[in-house]
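Peer 1: Protein chains in written order, with the working numbering: chain A, 1 to 345; chain B, 346 to 690.
Here it is, the structure, as structure tokens.
There are 2 protein chains.
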Amino acid sequence: MDKGGPGGEIQRPTMADVAQHAGVSTMTVSRALKNPDLVSEATRDRIMAAVDELGYVLDQSAGSLSSRRTGFIAAIVPSINNSNFSDTARGITDALEESGEQLLLGYTDYSVEKEERLIESMLRRRPEGIILTGGRHTDRARKLLSNAGIPVVETWDLPANPIDLVVGFSNEEAMGLLVRTLHQKGYRRFGYIGGTTERDTRGSQRRAGFVEALHQLGLPHDRLISFGVPPISMQQGAEALASMLEQWPDTEVVICVSDLSAFGALTECQRRGIRVPEDVAIAGFGNYEIAACAHPRITSVDVGCYEIGRLAAQQLAQAINGRRSDPGFRARIVTDCKVVQRESA
Amino acid sequence: MDKGGPGGEIQRPTMADVAQHAGVSTMTVSRALKNPDLVSEATRDRIMAAVDELGYVLDQSAGSLSSRRTGFIAAIVPSINNSNFSDTARGITDALEESGEQLLLGYTDYSVEKEERLIESMLRRRPEGIILTGGRHTDRARKLLSNAGIPVVETWDLPANPIDLVVGFSNEEAMGLLVRTLHQKGYRRFGYIGGTTERDTRGSQRRAGFVEALHQLGLPHDRLISFGVPPISMQQGAEALASMLEQWPDTEVVICVSDLSAFGALTECQRRGIRVPEDVAIAGFGNYEIAACAHPRITSVDVGCYEIGRLAAQQLAQAINGRRSDPGFRARIVTDCKVVQRESA
DNA sequence: GCGGTTGATGATATCGCTAACATGCTTTCT
DNA sequence: AGAAAGCATGTTAGCGATATCATCAACCGC
Chain A
1 MDKGGPGGEI QRPTMADVAQ HAGVSTMTVS RALKNPDLVS EATRDRIMAA VDELGYVLDQ
61 SAGSLSSRRT GFIAAIVPSI NNSNFSDTAR GITDALEESG EQLLLGYTDY SVEKEERLIE
121 SMLRRRPEGI ILTGGRHTDR ARKLLSNAGI PVVETWDLPA NPIDLVVGFS NEEAMGLLVR
181 TLHQKGYRRF GYIGGTTERD TRGSQRRAGF VEALHQLGLP HDRLISFGVP PISMQQGAEA
241 LASMLEQWPD TEVVICVSDL SAFGALTECQ RRGIRVPEDV AIAGFGNYEI AACAHPRITS
301 VDVGCYEIGR LAAQQLAQAI NGRRSDPGFR ARIVTDCKVV QRESA
Chain B
346 MDKGGPGGEI QRPTMADVAQ HAGVSTMTVS RALKNPDLVS EATRDRIMAA VDELGYVLDQ
406 SAGSLSSRRT GFIAAIVPSI NNSNFSDTAR GITDALEESG EQLLLGYTDY SVEKEERLIE
466 SMLRRRPEGI ILTGGRHTDR ARKLLSNAGI PVVETWDLPA NPIDLVVGFS NEEAMGLLVR
526 TLHQKGYRRF GYIGGTTERD TRGSQRRAGF VEALHQLGLP HDRLISFGVP PISMQQGAEA
586 LASMLEQWPD TEVVICVSDL SAFGALTECQ RRGIRVPEDV AIAGFGNYEI AACAHPRITS
646 VDVGCYEIGR LAAQQLAQAI NGRRSDPGFR ARIVTDCKVV QRESA
């Protein structure tokens with residue numbers, strides 16, 4: 001097979017070829033493929049036979065140029081390696097499948113600069129809407145989006161100045177909820193493990209929520225360990241726990257920025273023969289599968305990642321179709337966060 | 346902001362607008378954006394100023410129609426939720442970034458029918474190449490691909506009848522390697538945990554490799570537990586282990602189709618107070634992060650997921666650019682698999 | 001000083017499809 | 001019966017970019 005080679009270019013059949021083959025005009029072929037009921041059954045059959053025989057595949061680049069609808073939705077997540085975000089991506093894809101749109105997926109590695117570049121390169125594809133993670137973006141990114149004139153959904157956060165639509169939750173409050181829940185269970189000496197930089201906005205917000213909640217409870221909130229560049233890994237969670245216990249050996253409960261680091265912390269305890277939760281309790285965030293399966297199972301916060309994606313895609317679809325004024329349409333959807341209490345804390 | 350609403354359609358500037366603004370022809374604008382050195386500095390500056398002022402963003406749908414290069418690469422994986430495959434996806438994206446192509450990513454949920462549908466809808470976007478997972482596809486999918494006349498890379502496997510290019514490894518042999526390694530460590534009574542159906546081709550191949558290796562070693566190979574629809578989860582690994590020990594309580598080592606199920610099996614042992622590896626040893630496959638972090642750490646097989654993605658994208662880029670006859674170009678790249686010995690087995 | 005090369009730019013003709021309107025022809029209504 | 005409406009299809013004109021060839025200076029070497 002000579003494919004893609006120079007001179008090996010195959011002349012793919014076009015709609016005109018199909019039309020000729022079926023003895024109709026290209027317009028009828030186009031209709032037969034997109035709105036079959038606009039074409040009589042006999043003609044449609046002839047066209048489909050021609051399509052089959054020639055192995056014709058519609059060219060959507062051409063189609064969307066003419067119809068001004070690309071059928072693309074762009075989505076940008078921090079990382080596709082993180083199952084929380086890939087759950088969101090799944091939610092988006094599943095919702096899109098219903099509306100027949102295709103997903104352009106990109107990841108930023110938690111960098112707003114990379115996000116800006118991604119937004120720019122995706123806008124060149126003329127997506128009909130775009131889904132972002134978080135509310136922090138470069139000024140240029142905001143400008144690009146505003147110029148693009150397409151609906152935008154920010155997710156996983158409740159930005160103070162949203163660009164357009166929002167589907168998310170408050171990371172501060174979700175963390176506050178976790179802290180208060182654990183406080184009610186009797187814990188008093190809280191420690192927090194997170195990443196080193198502010199790059200992970202949601203991580204920073206969770207830390208802020210941790211501090212604020214303890215402050216309101218009148219408890220000390222200085223046991224903060226920063227370890228590793230986000231996304232903070234299991235391994236780094238383990239190292240951070242070691243550091244935590246070294247600095248504050250009497251810490252009662254350690255809350256981690258995510259379940260991955262929480263799991264790392266848990267295994268570090270196991271290596272050191274520290275009992276969880278008897279000696280130290282551990283809680284995470286995100287309700288990853290690992291939290292439900294670890295031994296002991298890890299207390300966490302479920303933020304409904306899949307649902308965020310599904311809702312974001314639905315909102316976008318409605319906005320694209322001009323249903324912003326429909327009853328029940330809300331530009332800002334606050335999703336539910338639940339603390340999942342398990343054995344680890 | 347009125348976006349996407351009916352009648353709210355913003356008239357985005359086109360290249361002609363930029364051209365007029367800068368007092369040049371559209372062709373010069375096109376050149377300034379794609380091959381800046383073909384345009385004098387003064388003109389280029391004027392054009393860039395116009396681009397900035399108007400907030401112009403290139404329309405690639407239009408561009409690719411005329412240049413017959415879409416800049417798209419399609420990639421299809423079984424699941425983006427599985428970090429092995431999302432590592433491969435990362436490898437692809439990273440390699441593509443160098444060549445400036447954009448990724449169209451889709452997932453099949455381990456169904457060849459869904460794969461066929463995905464291939465069809467992606468081919469409508471006229472990708473310049475396509476990366477698949479595994480060597481099993483529907484006949485129609487094969488036909489679609491062959492008609493498309495673009496390079497194809499099959500990954501994560503060494504298909505007997507490859508469509509075109511291959512970047513992968515033998516799942517049978519990789520599993521055989523693991524079995525022999527554990528055999529050398531003295532284990533004799535082997536059990537295997539995998540999914541129920543043949544949908545996960547790679548899972549089936551690993552099971553076949555398990556059976557074959559034991560057969561060659563003259564050992565019994567009937568301790569096979571099938572549990573759950575692939576991808577088999579941590580939880581299912583746990584349940585499968587319970588079932589294994591019930592049927593064959595004297596099993597010495599349990600090999601799981603992936604590290605996720607291995608981890609589930611491990612935690613089930615911990616719940617039951619069964620010591621790993623003293624009472625039962627456990628090994629997984631894929632070398633996920635969790636294998637390196639669990640306590641005890643899980644023996645696994647590293648298959649270089651990221652590298653598979655990177656190589657696949659590179660191969661594709663070379664094939665697209667007609668470098669098939671370059672020295673060093675191999676249509677079939679066999680990647681390295683290494684057993685990573687840890688405490689669990 | 002002149003044929004030839006190089007460099008910067010422009011004019012024109014598509015690329016493959018679909019929107020919008022036009023054309024016949026049949027059906028329906030009053 | 002004649003006007004109005006409906007159905008199946010065709011015609012025409014782009015969508016927004018780029019390939020290709022053409023143009024016109026400026027420059028180069030001998």
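Ideal placement from N, C-alpha and C gives every residue a C-beta, glycine not left out.
Does DSSP classify S571/B as helix, strand or coil?
Peer 2: Looking at S571/B - three-state DSSP - the assignment turns out to be strand.
Peer 1: For L489/B, which option in T500/B, E461/B and Y401/B has the closest C-alpha, if you only look at C-alpha atoms?
Peer 2: For L489/B, the nearest C-alpha among the options comes from E461/B.
Peer 1: Check for me: the beta strand (DSSP E) holding T299/A runs from which residue to which?
Peer 2: First-last for T299/A: undefined, no H or E at that position.
Peer 1: Please confirm if D624/B has its CB atom under 9 angstroms from at least one CB of chain A.
Peer 2: Not one chain A Cβ lies under 9 angstroms of D624/B.
Peer 1: Below 9 angstroms between beta carbons: does that hold for C650/B and G479/B?
Peer 2: No, these two residues do not count as a Cβ contact at 9 angstroms.
Peer 1: Would the beta-carbon of S146/A fall within 9 angstroms of that of I193/A?
Peer 2: In this structure, I193/A does not lie closer than 9 angstroms to S146/A by Cβ.
Peer 1: Taking Cβ-Cβ distances shorter than 8 angstroms, what residues in chain B pair up with I308/A?
Peer 2: Within 8 angstroms Cβ-Cβ: nothing; I308/A doesn't reach chain B, min ~15 angstroms.
Peer 1: Would you report the Cα separation of K379/B and T155/A, rounded to the nearest angstrom?
Peer 2: Going from the Cα of K379/B to the Cα of T155/A covers about 34 angstroms.
Peer 1: Where does K338/A sit, in a helix, a strand or coil, going by DSSP?
Peer 2: Looking at K338/A - three-state DSSP - the assignment turns out to be strand.
Peer 1: Give the straight-line distance between the Cα atoms of A283/A and E398/B, rounded to the nearest whole angstrom.
Peer 2: About 50 angstroms.
Peer 1: Which same chain residues, not among the five before or five after Q318/A, have their C-beta less than 8 angstroms away from its C-beta?
Peer 2: Result list for Q318/A: R324, D326 and F329, in chain order.
Peer 1: Closer than 8 angstroms by beta-carbon distance: list the chain B residues that pair up with F263/A, in chain order.
Peer 2: Those within 8 angstroms of F263/A in chain B are I635 and C638.
Peer 1: Would you say R317/B and A553/B are within 9 angstroms of each other, going by their C-beta atoms?
Peer 2: As shown, chain B starts at 346 and ends at 690. That puts residue 317/B outside it, with no answer to give.
Peer 1: Alpha carbon to alpha carbon, what distance is there between A89/A and G309/A?
Peer 2: Distance between the alpha carbons of G309/A and A89/A is about 6 angstroms.
Peer 1: S83/A touches chain B at which residues, Cβ-Cβ below 8 angstroms?
Peer 2: Chain B residues near S83/A: N426 and S428.
Peer 1: With a CB to CB cut of under 8 angstroms and the five nearest residues on each side skipped, what residues in its chain are close to G697/B?
Peer 2: There is simply no residue 697/B to check, as chain B begins at 346 and stops at 690 in what is shown.
Peer 1: Could you tell me whether the Cβ of K34/A comes closer than 9 angstroms to any Cβ of chain B?
Peer 2: No - not a single Cβ of chain B is within 9 angstroms of the one on K34/A.
Peer 1: Could you tell me the boundaries of the beta strand (DSSP E) in which T197/A lies?
Peer 2: That residue, T197/A, is in no beta strand (DSSP E); it is neither H nor E in DSSP.
Peer 1: Given that A346/A touches chain B, what residues does it touch there, using C-beta distances under 7 angstroms?
Peer 2: The structure shown does not extend to residue 346/A, since chain A is modelled only from 1 through 345, so no value can be given for it.
Peer 1: Since Q314/A meets chain B, which of its residues come closer than 9 angstroms, beta carbon to beta carbon?
Peer 2: Here the premise fails: no neighbours, minimum Cβ distance about 14 angstroms.
Peer 1: Using a Cβ-Cβ distance under 9 angstroms, would R544/B count as near chain A?
Peer 2: Cβ-Cβ to chain A under 9 angstroms: no for R544/B.
Peer 1: So, for P277/A: in the same chain, excluding its five sequence neighbours on each side, which residues have a beta-carbon less than 8 angstroms away from its beta-carbon?
Peer 2: These residues qualify, in order along the chain: V253, P296, E343, S344 and A345.
Peer 1: Run through DSSP, which three-state label would G531/B get?
Peer 2: Residue state, collapsed to three classes: coil.
Peer 1: Give the straight-line distance between the Cα atoms of P381/B and S412/B, rounded to the nearest whole angstrom.
Peer 2: Straight-line Cα distance between these residues: approximately 17 angstroms.
Peer 1: Of the residues that make up the stretch 552-578 of chain B, which ones have a beta carbon closer than 7 angstroms to any beta carbon in chain A?
Peer 2: Listed by position along the chain: S578.
Peer 1: Is there at least one Cβ from chain A nearer than 9 angstroms to T453/B's Cβ?
Peer 2: With 9 angstroms as the cut-off, T453/B does not count as an interface residue toward chain A.
Peer 1: If you count every other CB in all the chains shown that lies within 10 Å of the CB of L383/B, and 16 or more means buried, which is it?
Peer 2: Under this definition L383/B is an exposed residue.
Peer 1: Let me see if you follow: with CB-CB separation under 9 angstroms, is D17/A close to chain B or not?
Peer 2: So, not an interface residue.
Peer 1: DSSP state of V524/B, grouped into three classes?
Peer 2: Three-state result, V524/B: helix.
Peer 1: What's the call for M27/A, buried or exposed, on a 16-neighbour Cβ count within 10 Å?
Peer 2: Counting Cβ neighbours within 10 Å, M27/A comes out exposed, since fewer than 16 surround it.
Peer 1: Spatial neighbours of V574/B within its chain, please: CB distance less than 7 angstroms, with the 5 preceding and 5 following residues excluded, ordered by chain position.
Peer 2: G540, T541 and T542, listed in sequence order.
Peer 1: Whole angstroms is fine: what's the gap from C256/A's alpha carbon to G264/A's?
Peer 2: Near 10 angstroms, if we compare the C-alpha coordinates of G264/A and C256/A.
Peer 1: I'd like to know whether the C-beta atoms of Y56/A and A62/A end up nearer to each other than 9 angstroms.
Peer 2: The answer is no: Cβ separation not under 9 angstroms.
Peer 1: Hey, how far is the Cα of A657/B from the Cα of G494/B?
Peer 2: One C-alpha to the other measures close to 18 angstroms.
Peer 1: Between D250/A and G191/A, what straight-line distance do the alpha-carbon atoms span, to the nearest angstrom?
Peer 2: The alpha-carbon atoms of D250/A and G191/A are separated by roughly 10 angstroms.
Peer 1: From this set, S409/B, V363/B and N506/B, which residue's C-alpha is nearest D484/B's C-alpha?
Peer 2: Ranking the options by Cα distance to D484/B, first place goes to N506/B.
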